[in-house]
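Numbering (this note's numbering), first residue to last: 3 to 470.
As structure tokens, this is what we get:
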């Protein structure tokens, strides 16, 4: 085994540590304060560290070992990058031995799991990883598991939300703690991590897949953030500070505007204009739209309606529109009857469709990490859907090939086997492609024909909920 398998690995067995210098001491101090501030490690708590072999997790393990709060290292080998994955596992094992802490390793047949589940590769890997951590913590009496998310990860998450046009009020960053998982490096930047490792002469692994721009986050990380950091070396902290500031401002603005925002679908801004003038009208309109979950670039078009004549409108989707009324703006929703079918053409963005007491939100592409197991939230391979997509009620003789099952099955048999309640039967919705081939069934699952695989490039999300 040659040491040049890793960059910049110069000595895989020695792990010799030089005298701690400024960067490492600084991070150790920051992590110690973070652990205390957020009460991450209770007294007599055993800590497991998730270590991939990359710079972030290696540095995290070193710091926690320095603080005397490292009791074990867990590593997952997804077997996705051939020998590179195996070399990383060997590296982390040797690293754990150098720190004299127990090492827990597992090899996953990730591609086989992905093909069997129909989930995306990222989702499968995440589920496998956290299931392994849970089992190790339960079996070996660990109380918490530390993951190496750092400030750059946090900044990327915030920036992605800003780019998508989300309101600061609903942007969620990476939490300091989540159940049994802690993130002690969230106040530390990537460059600080690399400098500390360099000072310690500590080798680490480089995951070649992180250099590819197949995913939104990788594009942001590799192509956008380096330029932002050149312009502002503290861009991560700046984004966090701005988000906190914006969230406080949003709360203050909401409290001021609340008397002018009723609970309905009408926005009357005559009285507001009398008190504040036209300068602040866009803020009122934005808050009205956010109450109805309308975000993004379309809000600019809607704001411009204030200067239009009565009757002008901006369509949101096939079933909602914002209309300029005599006194302000109106959100018009068309309720569709049981007998009406809805035709959805291919699109990019978000569509909200109302059918009786159902609100259907279709997102294409879906850039979030899919979370499976939630009722009436479906993730489909967008490129496998033959448009227009048809949303309708069940018809006699309908069949589908449910994901995870072989062959066609009558919907009537599915309803019987799944013990649908009378209410479920009455409200059942069928999603079909242009050839009337059923691709999803509410209160059940998607069809095998549109399941996500390792080759999926674009995910479409369907969420079905009852209107309030």
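Even for Gly, the Cβ is constructed at its ideal location relative to N, Cα and C. Quick caveat, the model's predicted, so the values are computed rather than measured.
Where DSSP assigns a beta bridge to residue i, which residues make up the other side?
{"i": "residue 106", "result": "76"}
{"i": "residue 345", "result": "392"}
{"i": "residue 432", "result": "394, 443"}
{"i": "residue 461", "result": "383"}
{"i": "residue 51", "result": "75, 148"}
{"i": "residue 402", "result": "411"}
{"i": "residue 361", "result": "356, 467"}
{"i": "residue 366", "result": "351"}
{"i": "residue 269", "result": "331"}
{"i": "residue 179", "result": "184"}
{"i": "residue 296", "result": "None, per the DSSP bridge assignment."}
{"i": "residue 449", "result": "404"}
Name the residue from the options whose alpha carbon lies nearest to the alpha carbon of residue i.
{"i": "residue 80", "options": "131, 453, 384", "result": "131"}
{"i": "residue 108", "options": "380, 54, 344, 184", "result": "54"}
{"i": "residue 422", "options": "446, 441, 440, 434", "result": "446"}
{"i": "residue 153", "options": "175, 116, 40, 261", "result": "175"}
{"i": "residue 349", "options": "255, 25, 177, 363", "result": "363"}
{"i": "residue 305", "options": "294, 292, 284", "result": "284"}
{"i": "residue 432", "options": "249, 452, 400", "result": "400"}
{"i": "residue 226", "options": "395, 157, 133, 368", "result": "157"}
{"i": "residue 334", "options": "294, 65, 439, 366", "result": "294"}
{"i": "residue 387", "options": "332, 315, 64, 449", "result": "449"}
{"i": "residue 87", "options": "111, 104, 287, 406", "result": "111"}
{"i": "residue 407", "options": "451, 378, 438", "result": "451"}
{"i": "residue 343", "options": "286, 209, 396, 68", "result": "396"}
{"i": "residue 356", "options": "263, 190, 467", "result": "467"}
{"i": "residue 144", "options": "302, 184, 379", "result": "184"}
{"i": "residue 373", "options": "125, 94, 331", "result": "125"}
{"i": "residue 103", "options": "129, 127, 63", "result": "63"}
{"i": "residue 256", "options": "292, 277, 273, 239", "result": "292"}
{"i": "residue 46", "options": "332, 72, 128, 191", "result": "72"}
{"i": "residue 428", "options": "439, 78, 414", "result": "414"}
{"i": "residue 85", "options": "209, 381, 420, 240", "result": "209"}
{"i": "residue 262", "options": "251, 249, 250, 288", "result": "288"}
{"i": "residue 347", "options": "128, 366, 272", "result": "366"}
{"i": "residue 377", "options": "345, 358, 394, 426", "result": "426"}
{"i": "residue 136", "options": "398, 235, 181, 89", "result": "181"}
{"i": "residue 318", "options": "438, 351, 368", "result": "351"}
{"i": "residue 358", "options": "314, 430, 301, 420", "result": "430"}
{"i": "residue 235", "options": "190, 375, 48, 281", "result": "190"}
{"i": "residue 224", "options": "155, 382, 101", "result": "155"}
{"i": "residue 368", "options": "194, 66, 382", "result": "382"}
{"i": "residue 192", "options": "250, 203, 239", "result": "239"}
{"i": "residue 52", "options": "412, 94, 264", "result": "94"}
{"i": "residue 473", "options": "273, 394, 277, 48", "result": "Any answer about residue 473 is impossible in this case: the structure gives the chain only from 3 up to 470."}
{"i": "residue 345", "options": "438, 194, 67", "result": "438"}
Residue i and residue j look like a contact to me (Cβ under 8 Å); what is the Cβ gap, rounded to whole Å?
{"i": "residue 389", "j": "residue 436", "result": "6 Å"}
{"i": "residue 384", "j": "residue 443", "result": "Not confirmed; about 18 Å, so no contact."}
{"i": "residue 33", "j": "residue 186", "result": "5 Å"}
{"i": "residue 455", "j": "residue 117", "result": "6 Å"}
{"i": "residue 196", "j": "residue 26", "result": "11 Å between Cβ atoms; not a contact."}
{"i": "residue 307", "j": "residue 296", "result": "So it is not a contact: roughly 13 Å between Cβ atoms."}
{"i": "residue 267", "j": "residue 332", "result": "6 Å"}
{"i": "residue 128", "j": "residue 371", "result": "7 Å"}
{"i": "residue 78", "j": "residue 164", "result": "With 8 Å as the limit, residue 78 and residue 164 do not qualify as a contact, their Cβ atoms being about 31 Å apart."}
Are the beta-carbon atoms belonging to residue i and residue j less than 7 Å from one another?
{"i": "residue 31", "j": "residue 150", "result": "no"}
{"i": "residue 37", "j": "residue 43", "result": "yes"}
{"i": "residue 231", "j": "residue 237", "result": "yes"}
{"i": "residue 207", "j": "residue 74", "result": "no"}
{"i": "residue 76", "j": "residue 138", "result": "yes"}
{"i": "residue 290", "j": "residue 275", "result": "no"}
{"i": "residue 453", "j": "residue 392", "result": "no"}
{"i": "residue 179", "j": "residue 40", "result": "yes"}
{"i": "residue 199", "j": "residue 61", "result": "yes"}
{"i": "residue 82", "j": "residue 147", "result": "no"}
{"i": "residue 316", "j": "residue 299", "result": "no"}
{"i": "residue 418", "j": "residue 410", "result": "no"}
{"i": "residue 310", "j": "residue 322", "result": "no"}
{"i": "residue 114", "j": "residue 458", "result": "no"}
{"i": "residue 286", "j": "residue 259", "result": "yes"}
{"i": "residue 105", "j": "residue 98", "result": "yes"}
{"i": "residue 380", "j": "residue 440", "result": "no"}
Is there a Cβ of chain D sitting closer than 7 Å to that of residue i, yes or no?
{"i": "residue 31", "result": "The displayed structure is made up of one protein chain only, and chain D is not part of it."}
**Report entry** alpha helix (DSSP H) runs contained entirely in the stretch 88-163, provided each spans 4 or more residues
**Finding:** Qualifying alpha helix (DSSP H) stretches, in chain order: 112-119, 123-142.
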